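Novice: Following this message is one structure expressed as structure tokens.
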Ligand SMILES: [Zn+2]
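Numbering (this note's numbering), first residue to last: 1000 to 1080.
In structure tokens form, the structure reads like this:
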């Protein structure tokens, strides 16, 4: 009852984050995440980027993008520590 392939999980990520995914999709998605470190990490990363993107206006994005990514990477590294 869970996704077996990481590619399935990755393809559903934006649906999950936006709350568009069905209950079945969410169950399969999170079931995979429980077994798969890589997808868990990717999902966390994606959520942080989404969250930050909401706080940055489109006009700011080109200049600030590297800075934002750096911030994201630091956040992720701190989480693992
Ligand atoms: Zn995976």
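Built from N, CA and C at the ideal position, the CB exists for glycine as well.
Every value quoted in this text rests on a predicted model; they were computed, and no experiment measured them.
Given a cut-off of 7 angstroms on the beta-carbon distance, is the pair residue 1038 and residue 1031 in contact?
Specialist: Cβ distance < 7 angstroms, so residue 1038 and residue 1031 count as in contact.
Novice: In whole angstroms, what separates the C-alpha of residue 1000 from that of residue 1027?
Specialist: If I take the Cα positions, the gap works out to 6 angstroms.
Novice: For residue 1071, I'd like the list of residues in its chain whose CB is within less than 8 angstroms of its CB, leaving aside the five on either flank, ordered along the chain.
Specialist: Around residue 1071: 1044, 1047, 1048 and 1051.
Novice: From the DSSP output, in three-state form, read off residue 1018 for me.
Specialist: Of the three classes helix, strand and coil, the one that applies to residue 1018 here is coil, per DSSP.
Novice: From which residue to which residue does the alpha helix (DSSP H) around residue 1054 run?
Specialist: Residues 1036-1054.
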